[in-house]
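One structure is given here, and the rest of the page talks about it.
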Amino acid sequence: MRPFGFERPETLERAAGIVAAREDRAAPPPLSSAQFIAGGTNMADYMKLGVMRPNLLVDIGRLADPGLRRIAASPDGIRLGALVRMSEAEENADIRIGYPVIAESLQQAASQQIRNMASLGGNILQRTRCEYFRDISWACNKRDPGSGCAAMDGFNRQHAVLGVSDRCIATYHGDFAQALIALDASVETQSPRGGRTMAFSELHRLPGETPHVETQLMADELITLIDIPAKPWARRSHYLKIRDRQSYAFAVASVAVVLDLEDGAVRDVRIALGGLATVPWRAQEAEDELKGGPLDERTAGRAAEAAFAGAMPREHNAFKISLGRQALVRALLETRDMRV
Amino acid sequence: MTADASSVSTPWMALRDTDRPAEPATRPDTVVAVDFIVNGKPCRLELDPRTTLLDALRDHVGLTGTKKGCDHGQCGACTVIVNGRRTLSCLSFAQMNDRDEITTVEGLASDGRLHPVQQAFIDHDAFQCGYCTPGQIMSAIGCISEGHAETDADIREYMSGNICRCAAYPNIVAAIRQARDEMERA
Chain B
1 MRPFGFERPE TLERAAGIVA AREDRAAPPP LSSAQFIAGG TNMADYMKLG VMRPNLLVDI
61 GRLADPGLRR IAASPDGIRL GALVRMSEAE ENADIRIGYP VIAESLQQAA SQQIRNMASL
121 GGNILQRTRC EYFRDISWAC NKRDPGSGCA AMDGFNRQHA VLGVSDRCIA TYHGDFAQAL
181 IALDASVETQ SPRGGRTMAF SELHRLPGET PHVETQLMAD ELITLIDIPA KPWARRSHYL
241 KIRDRQSYAF AVASVAVVLD LEDGAVRDVR IALGGLATVP WRAQEAEDEL KGGPLDERTA
301 GRAAEAAFAG AMPREHNAFK ISLGRQALVR ALLETRDMRV
Chain C
1001 MTADASSVST PWMALRDTDR PAEPATRPDT VVAVDFIVNG KPCRLELDPR TTLLDALRDH
1061 VGLTGTKKGC DHGQCGACTV IVNGRRTLSC LSFAQMNDRD EITTVEGLAS DGRLHPVQQA
1121 FIDHDAFQCG YCTPGQIMSA IGCISEGHAE TDADIREYMS GNICRCAAYP NIVAAIRQAR
1181 DEMERA
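Residue numbers (the numbering used here), protein chains in the order written: chain B, 1 to 340; chain C, 1001 to 1186.
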């Protein structure tokens, strides 16, 4: 592993300030020579592989601000500190009862050991598991901008069919992020320029021409809070994850659904897809198809058609379109049938 | 086609290994001091900053019970308990564990008696080659104390981060069942 320095600041201001003082502070965060580390489950792995090559780690695991570790439920919603561990959020009674899609997405992610380490803020920003990204002997526009994409004509069974570009088809592999899209969450961030709030659905950026630019964040900007509003649909929410093995595997396809039903008709619905797209993906066309009408196998099927109308498969991943459609239909009907 | 000059001159294009800005990178011979409590004993180590908790335990503390399987967080062989929670020691740099309390498989037996989980693994022959066993045992202790061992399905789900390539899984589940009952009685 490449040598690196290590800093453990006690305040958020100091942590962001260390990165802001660096020469390459304007670099897209994944390429910055200084990297924040919290749980370390993604960063340590990618540093061992040479995919992440920081020469300074800024450990934010001991930041003193208690709000970063707090889960605060109120009638307005629930606020999750960015350093809350995945397992802490999964076990939280307010989340389990009020926002089941969050608990389900976390419980089916990674293993308990990893959930005990990984922070929610880091989980959101986890990087793709594309094999060609992980192995530095291959060309990868995300890892080494401009070097090409070995996945395009490689073995691309696990790659994305939605949100792809001719530079990158790497899948976003997280689970929690889909729950946040469905729940209309927002994130608060801090940098030396102050704080800002953005819709979670705006955080990630499509690969387009610059797949190494993954989010709207700057290198010296930290997610501090995840804010989830208490909307009528939060309790009727569900996460369905389809994997190659039953547990401890990334999604081949996953669906987060929140549903507001009135007399059997869909008053409101929000749908996010995982394992199928380059970013946490909101299936707005499918939502529009369902709003105002009944939810049954036929209407769910129409929504699933709409969700994948723009899908762009490669040689080995066309199966994800039919798998994704079926997963979406099943997730919608299971959410409809929840007893809340 | 000519190269796109604007994209070549963007700052991040210059960020290849060879010409990264000369930030104060730590020299390979730098050492850092790390303090933690391992199996109840305070420990002070001088480490290369790159040392993982796993390597610190094995190569510097001399506790080789914790095993290095994949070294990438995929197999669970390196599972230890940090501040009461099971974690993967291969994915943590030792510096991140400064002042933490760590329990390894060597810290389980007391007064010549094996921990109920250790005894249950022997009683049920819950291993063949034994390489994954320390990680399985540490993970099983976490699984039981979290309350995730109520049913066989729960045990399988919450032990899924520990791979056994000899596939001793049915015996591991049986061992955890026995240890759970014994630990609940105690």
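For glycine and all other residues, C-beta sits at the position ideal for the given N, C-alpha and C.
Short CB-CB distance (under 8 Å) between residue i and chain C
| i | result |
| --- | --- |
| residue 116 of chain B | yes |
| residue 86 of chain B | no |
| residue 67 of chain B | no |
| residue 128 of chain B | no |
| residue 174 of chain B | no |
| residue 171 of chain B | no |
| residue 41 of chain B | yes |
| residue 239 of chain B | no |
| residue 247 of chain B | yes |
| residue 219 of chain B | no |
Member of the options whose CA lies at the smallest distance from the CA of residue i
| i | options | result |
| --- | --- | --- |
| residue 210 of chain B | B:64, B:28, B:312, B:153 | B:28 |
| residue 232 of chain B | B:223, B:250, B:266 | B:266 |
| residue 188 of chain B | B:201, B:223, B:208, B:9 | B:223 |
| residue 42 of chain B | B:124, B:314, B:185 | B:124 |
| residue 1128 of chain C | C:1171, C:1106, C:1142, C:1059 | C:1171 |
| residue 237 of chain B | B:183, B:243, B:126, B:31 | B:183 |
| residue 321 of chain B | B:301, B:257, B:340 | B:301 |
| residue 337 of chain B | B:275, B:235, B:177, B:291 | B:235 |
| residue 1180 of chain C | C:1163, C:1155, C:1164 | C:1155 |
| residue 1094 of chain C | C:1183, C:1056, C:1148 | C:1056 |
| residue 1178 of chain C | C:1158, C:1163, C:1131, C:1122 | C:1122 |
| residue 1031 of chain C | C:1050, C:1120, C:1124 | C:1050 |
| residue 72 of chain B | B:81, B:186, B:64 | B:81 |
| residue 312 of chain B | B:264, B:159, B:246, B:67 | B:159 |
| residue 26 of chain B | B:122, B:150, B:66, B:221 | B:221 |
| residue 285 of chain B | B:75, B:304, B:101, B:293 | B:304 |
| residue 315 of chain B | B:308, B:169, B:195 | B:169 |
| residue 330 of chain B | B:306, B:296, B:111 | B:296 |
| residue 1065 of chain C | C:1142, C:1182, C:1137 | C:1137 |
| residue 98 of chain B | B:21, B:84, B:74 | B:74 |
Distance CB(residue i)-CB(residue j) smaller than 8 Å
| i | j | result |
| --- | --- | --- |
| residue 218 of chain B | residue 191 of chain B | yes |
| residue 273 of chain B | residue 310 of chain B | no |
| residue 1139 of chain C | residue 1076 of chain C | yes |
| residue 57 of chain B | residue 89 of chain B | no |
| residue 228 of chain B | residue 327 of chain B | no |
| residue 143 of chain B | residue 136 of chain B | yes |
| residue 212 of chain B | residue 280 of chain B | no |
| residue 1067 of chain C | residue 1135 of chain C | yes |
| residue 61 of chain B | residue 38 of chain B | yes |
| residue 270 of chain B | residue 258 of chain B | yes |
| residue 1189 of chain C | residue 1126 of chain C | Examination of residue 1189 of chain C is not possible in this model, given that chain C is present from 1001 through 1186 alone. |
| residue 114 of chain B | residue 1073 of chain C | yes |
| residue 204 of chain B | residue 172 of chain B | yes |
| residue 161 of chain B | residue 276 of chain B | yes |
| residue 55 of chain B | residue 6 of chain B | no |
| residue 118 of chain B | residue 86 of chain B | yes |
| residue 1071 of chain C | residue 48 of chain B | yes |
| residue 1096 of chain C | residue 59 of chain B | yes |
| residue 68 of chain B | residue 11 of chain B | no |
Any chain B beta carbon closer than 8 Å to residue i
| i | result |
| --- | --- |
| residue 1115 of chain C | no |
| residue 1107 of chain C | no |
| residue 1031 of chain C | no |
| residue 1021 of chain C | Confidence at residue 1021 of chain C is low in this model, with a pLDDT of 45, below 50, so its placement is unreliable and the value that follows should be read with caution. Interface residue, yes. |
| residue 1035 of chain C | no |
| residue 1050 of chain C | yes |
| residue 1076 of chain C | yes |
| residue 1100 of chain C | no |
| residue 1111 of chain C | no |
Near the ligand COA: residue i beta-carbon under 7 Å from a heavy atom
| i | result |
| --- | --- |
| residue 245 of chain B | Only the bare structure without any ligand can be found here, which leaves the ligand COA out of the picture. |
Neighbour flag for residue i against chain A, beta carbons, 8 Å
| i | result |
| --- | --- |
| residue 1104 of chain C | The chain labelled as chain A is not found among the protein chains of the depicted structure, namely B and C. |
Compile a chain-ordered list of the residues in the region 1085-1097 of chain C whose CB is closer than 8 Å to at least one CB of chain B.
Those would be 1085, 1086, 1087, 1088, 1090, 1091, 1092, 1093, 1095, 1096, in chain order.
In the region 1055-1066 of chain C, which residues sit with their C-beta less than 7 Å from some C-beta in chain B, listed in chain order?
none
Taking a Cβ distance cut-off of 9 Å, strictly less, list which residues of the region 1148-1181 of chain C are near chain B, in chain order.
1148, 1156, 1157, 1158, 1159, 1160, 1161, 1162, 1163
Meets three-Cβ-pair contact criterion under 8 Å: the region 127-136 of chain B and the region 152-168 of chain B
Yes: the two stretches touch, three or more of their Cβ pairs being nearer than 8 Å.
Along the region 183-210 of chain B, what residues have a CB closer than 7 Å to any CB found in chain C?
none
Is it the case that the region 1080-1091 of chain C contacts the region 1041-1049 of chain C, given that we only count it when at least three CB pairs across the two stretches are under 8 Å?
In short, these stretches do not touch, since the Cβ pair count stays below three.
Examine the Cβ distances between the region 240-256 of chain B and the region 193-205 of chain B and report whether three or more of them are shorter than 8 Å.
no
Three or more C-beta pairs closer than 8 Å, one from the region 1106-1117 of chain C and one from the region 1155-1173 of chain C: is that the case here?
Because the criterion of three Cβ pairs below 8 Å is not met, the region 1106-1117 of chain C and the region 1155-1173 of chain C do not touch.
Using Cβ-Cβ distances below 8 Å, what residues of the region 93-127 of chain B are close to chain C?
110, 111, 112, 113, 114, 116, 117
Near-chain B residues of the region 1121-1152 of chain C (beta-carbon distance less than 8 Å), N- to C-terminal order
1139, 1142, 1143, 1146, 1148
If contact means a Cβ-Cβ distance below 9 Å, which residues of the region 125-155 of chain B contact chain C?
Those residues of the region 125-155 of chain B that come within reach of chain C (Cβ to Cβ, closer than 9 Å) are 144, 145, 146.
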